[in-house]
Every structure is written in structure tokens, then in C-alpha cells.
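Chains as they are written, first to last, in our numbering: chain A, 231 to 703; chain B, 564 to 734. All remarks here apply to the structure that follows.
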């Protein structure tokens, strides 16, 4: 028995060495072959261990979070498509990934050993079904599994002694109590978060998975922006407690996102230059008056409208579909909807003047050129409409014109020459086999009634239902 | 082009209204159909690819939807749609009542499915839906009613007036 335990201890230690050693061991050929064979067996045993612990922890997580949440099916199809594309890029073939939505408003996501990935209803709600942000979060969680962070953290948490006991399972002695203990520890770890190093590692690999699956590496930066904003509210955001959210993390992700852009290079002129200063729906005419203030003429109602009073315009560009107009003033860029709503700047840029703006052809991102006050270089930034952090993609000593076409971002310098920087190729989520939405007639005609207080203090509120869809938005 | 379509859509609707029915033109220019008066356009829920009408005072809805798709056949589309509706994250208490594969809508092959489900307010909804493939677009029109069996007849009435427009690329 003592020999057996010693053997188990050795095996476990070997596993830990295998887990933590980054490089390969220097062995003689014969020893290496034998070690490789043992290693394969160990790997298989470790996979079973991971799966068993993950399965047990998944069971506990489901119970803890009130079970599984069912999305409307169109949203479920989109989520599946995002997840499947990410999983297709994962390298571990021994893991069968699954995604479960937890029925809680707490915003969180985590992954368990064995490929069990969870995202909460609350987090999906906060991310507003944005595919780039969701891909970033799911890619990050898949990366934890790819890197075996769960088992590594478990080893650290439970210590070698207990792991040695658990090592019994490596010899096919299925100790359910041990698995349950390990599962409970795993749940704690998943809820409290991995180490900072593991999070950085998952950020990096997650963004790579996202890029390979056709998503924007900026999705991760954008997701953090999104959650940072919500963190200032009252909603519980567990994802922040369990994930480092400092600027360092975002700056690493920005660097990584930048590395996926083509470096700026000399180029031919773009094939087509969008006429972004004109409303694509031909209703509003934006101009600036003699003093440089915005002047908006409504051709339908034949009258002038007052948008952004007191703001001196530098330039403006209409969204490709006319849904928004981006206006640059001395203090930044305003994003107004097509009826002029949007009082706060999309980007406050008091550190310079925004000289040019360009929409990406899909209308989800804006590129702009900032010239700093001290006549410094012109910087070309790109930002998401609903994000707060922009990516610096190039610097140039002069600039006349900025264009974003299907071929990338182009800018013309004072000497007339063009330069171009290309974004990573994005593949939008398109459901090849869509399912028509189903609308419930009852929701639309039955407004929600709520009664507060009693007697004369009673307030009755009649609220229009937010949607008439019974299973879709 | 878009302005023209919206204009055409509004003019068509107003012109039809005078005769006790509204002629509705798909903003994407694929089809048009007539609805009896009493059906109210739901601007908030509608978009270029989706038109929604409610029957005022009654729990009835009629809506059309166009979605890009890569279905190879109507049969494939029907199977997939029914699978999803009946799946665990589909429609609650879904029951397929009837399917009709051998039918046409203004000369175009179509599939009709009738089913019921229980909505979030615990009403039993009966819905009748046609599915048509127009090149790479899945066109669907559905009539639904709560606690009554009027959906199939409404859909039938609408289909009688249904016309494919030139933009549909049909022969």
C-alpha cells in the first residue's frame, strides 16, 4: 500500500511538473520514448480528471445560479454561431466544449475544466447581444480551458497533499467524494477568479481565437468598456470582481488588437470615396454658418433645426445608412441620431482638434484624425460606436483627407500621396439557416399594469410592454 | 431608391385604405398583399425586413419577414424551422397541427405550417405560416391569434391577394 501511495504521489508530482513546465525535458531517446508513452497515458488520465471535476463543478454551478436560462431562439442561434466559430479554432481536441446560459442577473462568465463554459443572462444583457463583445468574453473563457487554468488553480488551491489523494483517480479508482470535493473547490475558484497571470494569458489567447474566428480583437477592449460603464451603476458585475480590469489589461489588449492591423503603407487612392457629408436619406442638410456653428436644414419640414447649439463645427460625416451623424467640434466628436439627439460628446478630445472623420462601411466604427494642440503629428484613431476606448492605428505628419472603404482606411497627405492601413478581416455573424421570428399577439395588446401604495396614495401605472415578441426581441 | 420604396409603400397603403382594405408593399420590393381594414401597422416593431400588423382590439397579429438564407430547398427550411420551434429553447408546448407542402403562392412554391404554442402570458396561440424561398431570401408570412382559430383563414385571405413584384427576381 505504501508503495502504491508513493507511486501515486510520484505520478501526481509528474503531472504537476507536466502542467507547469513550459519547455520539454531533456531526456535520452529511450527514456524519452518511455516518458512519452507514460505522458500520453497521464494526459488521458488528466483529461478524465478534468472532465469529472468540471462536470461535478458544473452541476454545482447550475444549482447555485438558479439553473439554465433559455434565450429567444434567434439570439440562441447567434450565440451558438459565435461559440461554434470560437470552438472550431480551439486546439484541444480532447475537450468537448459546451455553453450554458445561467439564469441570473449577476453579470459573469466562467469556464470549468472539461470545456464547460458559462455565461450569465445578466452579462448577455449588458453586452446587448453585441457579437464582438460576446466573442471576446467567450474566447477568453475558452482560453482558460485551453490553458488548463482550472486544474492548475486547483493544484494550487488544494495543495499537493490532497491532490495526491485525488491522484487515486488516476488509477481508475473512482472516488466520488474526492471528485465532489475537487468540484466544490473548482466552483470557488471559478467564482473568485484565476490568477492575474492566467487572466492575461486568457486575454491573449482569447483575442487570438476571436481573430481566427473572424471577430475583432477590439471586442475584448470594447467588452471591458461596456462593463466598466455599467459597473458605475447598481447592477451586480461579478465579472469585474473575478477579472483584473485595470488599464494595464486594456492597454495589453489594445496592443494586441493593433498588431492585427496592417501597418500603414503607401497606397493607390481608394477606389470610391463616400459622400459622407450628405444625408443618405436626403432629408437633412448639415452646414456651418459664417461663424462656424452647426446649421441644419430639414428639407422635409422646410425649416432649420437647432442641433448642438454653441458648438463650432470642424467637420461631419453621416452614417452609411443615415442613422447617425458624427460631428466634430473643438472639444471632440458628437454622435447624434438622425433627429439630432445626443447631447454628450461621443469622444471628448480636449487634447487636440479632430480634423477628419470616416465611418467604416458597416457603420459600427468611426475613424478620426486628431491633431494635438502643439502642432504635433496627426494621429488616426478607430473606435466602436458603443465603446469608450479607441485604437491608435497610425501617425502621419500631414493629412488632407480620410476615407474608410472596403479596402481599409486611407488618408491623403499634403503631398497628395495616399497611405493605407488595413483592419483585420471580420466575418459577420450571418445565420445561414435562419428561423423566422414568432410574435405573440397577446403581449402587444396587454400593457403591463402595476399598482403601488394603498388608498389615496395609490399609484396605478400602465406601461407599454417593451416588446411584442414572445420569443424574440 | 429607399426613399422611393417608402413613398411607394405609403402611397400603396393609403390608396388601398380608401376601398376598405390596405395594400401593403414590402419595403424591400419583393411582394405586396392586401389586408382588410382594422389592421394597424406597428411601426415600432417593423423594419425594412419585417412588417407587423395588429388587429386593434383583438389578439391577432399578421407579420412578414425576409431573411437572407442559404437553404437549398423548402423542405430543408421547413425541417429546420420546425426543429427549432419544437426544440427545448423553441416555443413552449409546441404542437404541429398541420403542414402543407404542395402549394403555391402567386405561382411560387411554398410550404405552409400550422402550429400552436403557449406564450409568456400562458395564452395558447395558434399560428399559420407560409414559407417561400426567393433566391437567397427566406420570405415568411404568419398570422397568429390567441385562444381562437382564425389564423388559417386570415392567412388564406391574405395569400389570395399576394403578388410577387419584379424585384423578387421571379420568372
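Each residue gets a CB set at the ideal place from its N, CA and C atoms; glycine is no exception.
- Query: Taking Cβ positions only, does residue 663 of chain A come closer than 8 Å to chain B?
  - Reply: Yes, contact with chain B.
- Item | Cα-Cα separation, residue 306 of chain A to residue 294 of chain A | 22 Å
- Task: Would you mind giving the Cβ-Cβ distance between residue 564 of chain A and residue 572 of chain A, rounded to the nearest angstrom? I have them listed as a contact below 8 Å.
- Result: 6 Å
- Candidates A/298, A/351, A/356 and A/370: closest to residue 317 of chain A by CA position: A/370
- Partners in chain B for residue 667 of chain A, counting only beta-carbon separations shorter than 7 Å: 628
- By Cβ distance below 7 Å, which residues in the same chain neighbour residue 324 of chain A in space, the five residues on each side in sequence not counted? 277
- Beta-carbon of residue 616 of chain B versus every beta-carbon of chain A: anything under 8 Å? no
- Is there contact between the stretch 691-710 of chain B and the stretch 624-643 of chain B, where contact requires at least three CB pairs shorter than 8 Å? yes
- Query: Apart from the five residues just before and just after residue 329 of chain A, which ones in its own chain have a Cβ nearer than 8 Å to its Cβ?
  - Reply: The residues are 309, 310, 313, 347, 348, 349 and 368.
- So which of A/596, A/415, A/458 and A/668 has the shortest CA-CA distance to residue 677 of chain B? A/668
- Query: At a CB-CB cut-off below 8 Å, which residues of chain B make contact with residue 301 of chain A?
  - Reply: 652
- Task: Determine the closest residue to residue 648 of chain B out of B/663, B/690 and B/636, with distance taken between C-alpha atoms.
- Result: Minimum Cα distance to residue 648 of chain B is reached at B/690.
- Query: Does the stretch 626-634 of chain A come close enough to the stretch 574-588 of chain A to have 3 or more Cβ pairs within less than 8 Å?
  - Reply: Contact holds between the stretch 626-634 of chain A and the stretch 574-588 of chain A, because three or more Cβ pairs, one in each stretch, are under 8 Å apart.
- Query: Which full runs of the alpha helix (DSSP H) of 4+ residues lie inside the stretch 464-552 of chain A, going along the chain?
  - Reply: The qualifying runs are 468-472 and 477-489.
- From residue 560 of chain A to residue 688 of chain B, what distance separates their C-alpha atoms? Taking the straight line joining both Cα atoms gives about 56 Å.
- Query: Which stretch, first to last residue, makes up the alpha helix (DSSP H) that contains residue 309 of chain A?
  - Reply: Looking at the DSSP string, the run of the alpha helix (DSSP H) that includes residue 309 of chain A is 303-319.
- Item | Assumed close pair residue 298 of chain A, residue 331 of chain A - CB separation to whole angstroms, cut-off 8 Å | 6 Å
- Item | Buried versus exposed, by CB contacts within 10 Å (16 or more), residue 655 of chain B | exposed
- Message: Restricting to Cα atoms, I'd like to know which of A/582, A/663 and A/506 is closest to residue 601 of chain A.
- Response: Of A/582, A/663 and A/506, the smallest CA-CA separation from residue 601 of chain A is found for A/582.
- Query: Hey, is residue 701 of chain B's beta-carbon within less than 8 Å of any beta-carbon in chain A?
  - Reply: yes
- Query: With a CB to CB cut of under 6 Å and the five nearest residues on each side skipped, what residues in its chain are close to residue 527 of chain A?
  - Reply: 515 and 534
- Got a sec: is the Cβ-Cβ distance from residue 600 of chain B to anything in chain A below 8 Å? no
- Let me know the alpha helix (DSSP H) ranges lying completely inside the stretch 633-710 of chain B, each 4 residues or longer, listed in chain order. 637-649
- Query: Any idea if residue 327 of chain A is buried or exposed, counting beta-carbon neighbours within 10 angstroms, 16 or more meaning buried?
  - Reply: buried
- Item | Same chain only: Cβ atoms within 6 Å of residue 436 of chain A, ignoring 5 sequence neighbours per side | Only 369, 370 and 373 meet the Cβ criterion.
- Task: Give every residue of the same chain whose Cβ lies closer than 8 Å to the Cβ of residue 300 of chain A, excluding the five residues on either side of it in the sequence, and list them in chain order.
- Result: 306 and 331
- Query: In terms of alpha-carbon separation, which member of A/597, A/457, A/672 and A/607 lies closest to residue 614 of chain A?
  - Reply: A/597
- Message: Within 8 Å of any Cβ in chain B, is that where the Cβ of residue 660 of chain A sits?
- Response: yes
- Contact between the stretch 656-671 of chain A and the stretch 495-510 of chain A (3+ Cβ pairs under 8 Å): no
- Message: Just to confirm my understanding: we take residue 668 of chain B, look at its own chain, exclude 5 residues before and 5 after, and list those with CB closer than 7 Å. What are they?
- Response: 693, 695, 722 and 725
- For chain B, find out if any of its Cβ atoms is closer than 8 Å to the Cβ of residue 362 of chain A; answer yes or no. no
- Within 8 Å, strictly: CB atoms of residue 625 of chain A and residue 609 of chain A: yes
- Item | Residues, ordered as in the chain, of the stretch 577-608 of chain A that lie near chain B by beta-carbon distance below 9 Å | none
- Item | Beta carbon of residue 341 of chain A nearer than 8 Å to that of residue 453 of chain A | In this structure, residue 453 of chain A does not lie closer than 8 Å to residue 341 of chain A by Cβ.
- Task: Note down the Cα distance separating residue 292 of chain A from residue 444 of chain A, rounded to an integer number of angstroms.
- Result: 31 Å
- Closer than 7 Å by beta-carbon distance: list the chain B residues that pair up with residue 306 of chain A, in chain order. 652
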